[in-house]
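Protein chains in written order, with the working numbering: chain A, 8 to 123; chain B, 6 to 122. Beta carbons are placed, not taken as given, at the ideal position from N, Cα and C, and that holds for glycine. Working notes, structure below.
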Amino acid sequence: EAGVTQFPSHSVIEKGQTVTLRCDPISGHDNLYWYRRVMGKEIKFLLHFVKESKQDESGMPNNRFLAERTGGTYSTLKVQPAELEDSGVYFCASSQGFLGAGDEQFFGPGTRLTVL
Amino acid sequence: AQSVAQPEDQVNVAEGNPLTVKCTYSVSGNPYLFWYVQYPNRGLQFLLKYITGDNLVKGSYGFEAEFNKSQTSFHLKKPSALVSDSALYFCAVRARRRDTGRRALTFGSGTRLQVQP
């Protein structure tokens, strides 16, 4: 079974440019999450999709970040325009969504974003 | 608000010795608790989780963790460390409350484990 995949693995852009990150969850997983780890600090939640709907956007830092999940399959996270403080590793995770079982989240390898 | 504390940035242990990576948490109500590991240039890998039941949870690669409700801790342990265990370890928590609908994990800042030969 294929795991969570993310593209690209690395991205280096200049301040003010736009970058789009992509995440393909495990097939059949309705829940998709975006997280970010900045400057070696804790991994912070950004948002959560259930199928194509945004369930929880409470972690999105500002309106420069736009996440979509058209058709409830893969998701994209666009940063426009990128700022220096957006640099970090962006993780995507997916889960089946069985709350009673602790709903284990499976993580992708991450996209390392560097904004110069 | 949920929070996780991993008080040690780095833990050094000799191969063959027992290891402990500490984690304490704060959450409303009963928690789901998780440990993840990140090897160099790899994503987060699930190690183990506590849902309910026995306080001692066994996971992958010989790791185990002990849930202590009174101390709000979930320390990761292994009886005999291997050099290949060297990696970055993250503790995470989520509230179990059904009515919140919130599934996001709250992570600690990570602890780097270095096992010396």
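- S65 (chain B) carries a helical assignment under DSSP once its states are collapsed to helix, strand and coil.
- Selection B:R108, B:F68, B:A97, B:C96 evaluated against S85 (chain B) yields B:F68 as nearest (Cα-Cα).
- Assignment of L81 (chain B) by DSSP, reduced to helix, strand and coil, places it in the strand class.
- Taking 9 Å as the cut-off between beta carbons, the residues of the region 44-55 of chain B near chain A are N46, R47, G48, L49, Q50, F51, K54, Y55, in sequence order.
- Proximity of chain B to G66 (chain A) at the Cβ level (cut-off 9 Å) is accounted for by A109, in chain order.
- Only N38, Y40, K48, E49, I50, F52, H55 from the region 35-57 of chain A bring a Cβ to less than 7 Å from some Cβ of chain B.
- By the beta-carbon neighbour count (other beta carbons within 10 angstroms, threshold 16), N17 (chain B) is exposed.
- In terms of Cβ geometry, Y42 (chain A) and I33 (chain A) do not form a close pair [threshold 8 Å].
- Under a criterion of Cβ atoms nearer than 7 Å, the residues of chain B adjacent to P116 (chain A) are, in order, R47, G48.
- When DSSP assignments are scanned along the region 87-121 of chain A, the uninterrupted stretches of beta strand (DSSP E) that are 3 or more residues long and fall wholly within it turn out to be 95-102.
- Residue range 36-43 is occupied by the beta strand (DSSP E) that includes P36 (chain B).
- The beta carbon of G58 (chain B) does not come within 8 Å of any beta carbon belonging to chain A, so the residue lies off that interface.
- A Cβ-Cβ distance of about 5 Å is found for the pair L28 (chain A) and L84 (chain A), placing them in contact under the 8 Å criterion.
- DSSP places R99 (chain B) in the uninterrupted beta strand (DSSP E) bounded by 92-100.
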